[in-house]
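Below is one structure, written out as structure tokens, with a few remarks after it.
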Amino acid sequence: MSTNAELATIFERMAAMLELLGEDRFRVNAHARAARAIEALSGDVAEIAEDEKALTSIDGIGAKTAKKIREYVETGRVHEHDELLAKVPAGLLEVLDVPGLGPKTVRMMWQEKGVESIADLKRILDDGSILDLPRMGEKTVQNIRESLAFAAKSSERIRLGDALPIAERLVARLEKVKGVQRVAYAGSLRRGRETIGDLDILVSAKDGAAAREAFTGMEGVEKVLASGEKKSSVRLQAGKISVQADLRVVDDAAFGAALMYFTGSKEHNVRLRERAIRMGMTLNEYGLFPETEGEKPPQERGVKPVASRTEEEIYQALGMAFVPAELREDQGEVSDGWETPELVEVSDVRAELHAHTTASDGVMSIVELAQCAKARGFHTIAVTDHSKSSVIAHGLDEARLRKHIEQVREANGRVKGITILAGSEVDIHADGSLDYDDELLAELDVVVASPHAALRQETKEATKRLLRAVAHPLVHVLGHPTGRIINRREGLQPDMAEVAAAAAEHGTALEINCNHLRLDLRDRDVRIALEHGALLALNCDVHAEDDFDELRYGVLTGRRGGLTPDRCINTWGAKKLHGWLKKKRGG
DNA sequence: GCCGTTTTCGGCCCGACTGTTTTCAGTCG
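Printed below as a string of structure tokens:
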């Protein structure tokens, strides 16, 4: 784990432990916010910590937090964290993660019943002594049991590429319900995060009850967790995916405010509300309201909102540029002077530079692949089958590759309306050397160099390895740079700033592999790459026709990192792209 | 513990739903 991630985890745990000790909630919140601030940093916290002012200038990090950060950088420990660990049983933090159990309840279980772990929780559930606790009845107990079972079944967050199609089906279904006006998915899914905790669906309707009934009665609903007039929650089984889905029903006039609220992030919303208050207004999911006297919230007193129908008008009324959903993470986008970047879109992408055919582990021929790419409006497709070391993927040895190049050239002459480039996805060996010699690499139009094995290297070794590949004069693109698989394999953890700086220096593009299992580079690494001046490639790593559809996940990831078309080689016109590729072939 | 268009103290976002309660605490997002 990087220093940033380690420190963020420490502050997160401190927040949880302080909460369990019944500490002041604002102090708890300050620790949680510091954790998020550290996690969101694009630079190495250890480097930033060298300059005292730089640390405290970060939102959410004050003098005391800065001191703890420096203590960690110097000694590898935060003594306050150690003290808390001595006071709070480690297993109690897992109990706190059980849905429906919050700090008050867990603290009570701990103090009254000696619960220090999930096993202890199960014990008081089984012997019934949990019922001795105040506010603990049969239904609550049953809900805790089900939460435990659910947590055991789906302990991890759902991948973006699994969640988005489910959400789209829910939206399509609700759009058909009579009286429904607008439907949208929101939450971390709309923000394009690589994994999603649950699905948030928003509906405006003349008849809220019909929408609610359609939602809770939908195919795949295993349990209705809550069903009120304005809000419903269900547990849903869709294929192998088990997920919670929340439905919120609002008046169409408040759709924008609700969408904004439901899209989050929570931190972004908090900043917006603080901004509204400074401007003499108040913001909630019903709209942006002028500040008025009254006990009840403004929407219940008939106060007319300043803005509520669309997100655009609310941002405008707050005196801000529109913030694309992918950038709503409280990373400076609510500050004065922030401007909306022209982020890359799916329709901008005109070339695929990473694709496999039946020669290695793809399922399409060269011509079939080219026709798919052409059908999507692409001007260029690169055939980049695996190199010889990828034995399982039927990687090509030198002789097969030479023959393959000929076949690609021949196909390029035959298929009109698209350029088919001869390339290779060349393995980067553990030491950073490549799987073919330079003479052969020089014959290829495109070289994507990717790590496939030895993915557990230490940071130092991994950095050295990738730096060598990036600096190789015949390499165009560093493919799936870390080799991570979401929820399955951590992959390499190189010093991304160093890799990005070298990529910028040598004119090598860093790939955002769009496959939803990979999304590699990840969002924060895209940001680092851009900050260091590197170019990015949005590649689908095509093995079959459907893989072209993975593009949108990569685009979302790129947008989260702030990727604009000018920095993404796949959006360039044919002439510019081919010229750039040829530059690494001496002209 | 952080922060400042209310600036070094005194606040700190806002609402829905459930379950156990007779008016609300706890949790969630």
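Note that the first sequence covers residues 154 to 740 in this note's numbering.
Just so you know, even glycine gets a beta-carbon here, dropped at the ideal spot from N, CA and C.
Since the model is a prediction, treat every value here as computed from it, not as a measurement.
Residue i versus residue j - alpha carbon distance
i       : j       : result
Glu-366 : Leu-389 : 15 Å
Val-198 : Thr-348 : 24 Å
Ile-394 : Val-324 : 17 Å
Ala-564 : Ala-690 : 24 Å
Arg-312 : Gly-350 : 9 Å
Arg-671 : Leu-286 : 46 Å
Arg-178 : Arg-260 : 14 Å
Pro-318 : Ser-357 : 21 Å
His-742 : Val-497 : What is shown of the chain runs 154 to 740, which leaves residue 742 out entirely.
Val-241 : Asp-273 : 15 Å
Pro-743 : Phe-408 : No answer is possible for residue 743: the residues shown for the chain start at 154 and end at 740.
Ala-470 : Thr-724 : 34 Å
Asp-360 : Glu-309 : 35 Å
Met-649 : Arg-230 : 24 Å
Glu-200 : Leu-194 : 11 Å
Ala-523 : Val-630 : 20 Å
Val-568 : Gln-560 : 12 Å
His-421 : Asp-250 : 23 Å
Glu-375 : Lys-419 : 28 Å
Leu-645 : Ala-602 : 15 Å
Met-434 : Leu-441 : 7 Å
Asn-157 : Ala-190 : 10 Å
Thr-416 : Ala-575 : 43 Å
Glu-247 : Ile-271 : 7 Å
Asp-405 : Gln-334 : 7 Å
Asp-280 : Val-377 : 27 Å
His-605 : Arg-529 : 29 Å
Asp-700 : Asn-668 : 7 Å
Arg-743 : Leu-593 : Nothing about residue 743 can be reported from this structure: the residues present for the chain run from 154 to 740 only.
Val-294 : Ile-277 : 10 Å
Lys-275 : Leu-174 : 22 Å
Leu-704 : Ala-183 : 38 Å
Ser-282 : Arg-298 : 14 Å
Glu-596 : Met-517 : 23 Å
His-509 : Val-536 : 6 Å
Lys-617 : Thr-218 : 33 Å
Glu-192 : Asp-399 : 27 Å
Lys-735 : Val-628 : 11 Å
Gly-387 : Thr-258 : One detail in the question is off: residue 387 reads as Val in this sequence, not Gly. Approximately 23 Å between the Cα atoms of the pair.
Ala-202 : Val-396 : 40 Å
Gln-484 : Asp-501 : 26 Å
Whether residue i touches residue j by CB criterion (8 Å)
i       : j       : result
Ala-185 : Glu-165 : yes
Ser-540 : Asp-591 : no
His-743 : Asp-694 : Residue 743 is absent from the model: the chain starts at 154 and stops at 740.
Ser-210 : Gly-253 : no
Ser-577 : Val-600 : yes
Ala-653 : His-685 : yes
Val-708 : Val-402 : no
Leu-608 : Arg-642 : yes
Phe-683 : Pro-647 : Before going on, a small fix: residue 683 reads as Leu here, not Phe. Not a contact, by the Cβ cut-off of 8 Å.
Gly-392 : Tyr-706 : no
His-547 : Asp-514 : yes
Leu-663 : Ala-655 : no
Own chain, CB closer than 7 Å to residue i, minus 5 neighbours either side, in chain order
i       : result
Ala-188 : Ala-161, Phe-164, Glu-165, Ala-168
Val-181 : Ala-168, Leu-171, Glu-172
Ala-526 : Glu-505, Ile-534, Ile-571
Ala-139 : The chain is shown from 154 up to 740; residue 139 falls before or after that span and cannot be answered.
Met-413 : Glu-464, Ile-467
Cβ distance (whole Å) where residue i is taken to contact residue j below 8 Å
i       : j       : result
Asp-353 : Gly-332 : In fact, because the Cβ distance is near 21 Å, the residues do not count as touching under 8 Å.
Asp-538 : Ala-504 : With a Cβ gap of about 18 Å, Asp-538 and Ala-504 do not count as contacting.
Leu-245 : Glu-265 : Not quite, the Cβ-Cβ distance comes to about 13 Å (not below 8 Å), so this is no contact.
Asp-438 : Ala-460 : Correcting the residue identity first, residue 438 is Glu in this sequence and not Asp. Incorrect: roughly 13 Å between the Cβ atoms, too far for contact.
Cβ shell of residue i (< 8 Å), same chain only, five flanking positions each side left out
i       : result
His-232 : Glu-224
Met-473 : Arg-428, Val-487, Trp-491
Ala-304 : Asp-250, Val-251, Pro-252
Own chain, CB closer than 6 Å to residue i, minus 5 neighbours either side, in chain order
i       : result
Lys-221 : Val-231
Thr-710 : Ile-665, Leu-672, Asp-676
Met-262 : Val-268
Three or more C-beta pairs closer than 8 Å, one from the stretch 620–635 and one from the stretch 581–590: is that the case here? yes
Is it the case that the stretch 679–699 contacts the stretch 713–724, given that we only count it when at least three CB pairs across the two stretches are under 8 Å? yes
Examine the Cβ distances between the stretch 710–717 and the stretch 472–487 and report whether three or more of them are shorter than 8 Å. yes
Assess, as a yes-or-no matter, whether the stretch 339–348 is touched by the stretch 374–383 under the definition of 3 or more beta carbon pairs within less than 8 Å. no
Any 3 or more C-beta pairs closer than 8 Å across the stretch 416–426 and the stretch 443–454: no
Determine contact between the stretch 320–337 and the stretch 284–299, defined as no fewer than three beta-carbon pairs at a distance below 8 Å. no
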